[in-house]
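The structure appears below as structure tokens.
In mature numbering (1 follows the signal peptide of the UniProt record, and there is no 0), the protein residues as written are -25 to -1, 1 to 186.
In structure tokens form, the structure reads like this:
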């Protein structure tokens, strides 16, 4: 009778031990699964944030390229252009720009860096680098056209640009939209935090004195 009791007690203790081990194992598995899920969530969140940042950067780059941004340094005036003998605004004068050729341009203060007498054209063209067509670009001067002949050229005339104001412009075929014989100026100015020197071009009617 006593022997039977001891055997039963030992069996009960062994069963309890197995149950305890099983419970511990299950807890560890649950913790492992939970940890893996948390790690996956963190990784997914990080991937999502990285993708968002990359997408935003790509969008900004595309916007800038699609905007046909001007070169900050316009370089010297083209060969053969005639300096204005008595311009309304002399080199060194401070002026206010009323043109809106680019964002941030209208209302900006500028310093005149050159004044010239020539024929100035608004043109439409397709950049040679595959960029989007540009319509009514202001401005290019007669001396920035390839073998243009006598000025002024009539509206609708097909020309080849030698100006490099923007990427893809030099060598592009263009159509003259309009022209003016106003005095044309190069200016130095700051727009949206970007310094531009010898910006080409603004015509006299797009400038006003700063009082």
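Using N, Cα and C, we set each Cβ at its ideal position, and we do this for glycine too. Quick caveat, the model's predicted, so the values are computed rather than measured.
Residue i bridges to which residues according to DSSP?
i: residue 115; result: 96
i: residue 151; result: 98
i: residue 89; result: 161
i: residue 66; result: Paired residue(s): none; residue 66 is not in a bridge.
i: residue 174; result: 162
i: residue 80; result: Answer by DSSP bridge pairing: none, since residue 80 is not bridged.
i: residue 182; result: 72
i: residue 57; result: 92
i: residue 120; result: 136
Tell me which residues share the same chain as residue i and place their Cβ nearer than 7 Å to its Cβ, disregarding the 5 neighbours each side in the sequence.
i: residue 28; result: Any answer about residue 28 is weak, because its pLDDT of 39 lies below 50 and its placement is not dependable; what the coordinates show is given next. If we look at residue 28 and ignore the five residues flanking it on each side, it has no Cβ neighbours.
i: residue 80; result: 72, 74 and 166
i: residue 145; result: 136, 137, 138 and 139
i: residue 111; result: 97, 99 and 152
i: residue 155; result: 95 and 178
i: residue 169; result: 47
i: residue 115; result: 96, 98, 136 and 138
Is it true that the CB of residue j sits closer than 8 Å to the CB of residue i?
i: residue 67; j: residue 173; result: no
i: residue 153; j: residue 90; result: no
i: residue 88; j: residue 159; result: no
i: residue 142; j: residue 92; result: no
i: residue 59; j: residue 102; result: no
i: residue 69; j: residue 84; result: yes
With a threshold of 6 Å on Cβ separation, who are the neighbours of residue i within its own chain once the five nearest residues in sequence on each side are excluded?
i: residue 126; result: 94 and 117
i: residue 171; result: 47 and 164
i: residue 149; result: 98, 100, 134 and 136
i: residue 119; result: 53, 137 and 138
i: residue 55; result: 118
Could you name the residues of the same chain whose beta carbon sits closer than 8 Å to that of residue i, not counting the 5 residues immediately before and after it, in chain order?
i: residue 157; result: 95, 178, 179 and 180
i: residue 86; result: 67, 68, 69, 70, 162, 163 and 164
i: residue 132; result: 150 and 151
i: residue 121; result: 134, 135, 136 and 137
How long is the line joining the alpha carbons of residue i and residue j, rounded to whole angstroms?
i: residue 57; j: residue 107; result: 33 Å
i: residue 185; j: residue 77; result: 20 Å
i: residue 34; j: residue 130; result: For residue 34, the predicted structure reports a pLDDT of 30, less than 50, and the residue's modelled location is therefore unreliable. The matter cannot be settled from this model.
i: residue 176; j: residue 113; result: 7 Å
i: residue 187; j: residue 52; result: Because the chain here runs from -25 to 186, residue 187 falls outside it and cannot be looked at.
i: residue 65; j: residue 182; result: 12 Å
i: residue 123; j: residue 109; result: 20 Å
i: residue 128; j: residue 61; result: 25 Å
Taking 7 Å as the cut-off, is the C-beta of residue i nearer than that to any heavy atom in the ligand HEM?
i: residue 165; result: As far as ligands go, the structure on display features none, and thus does not contain the ligand HEM.
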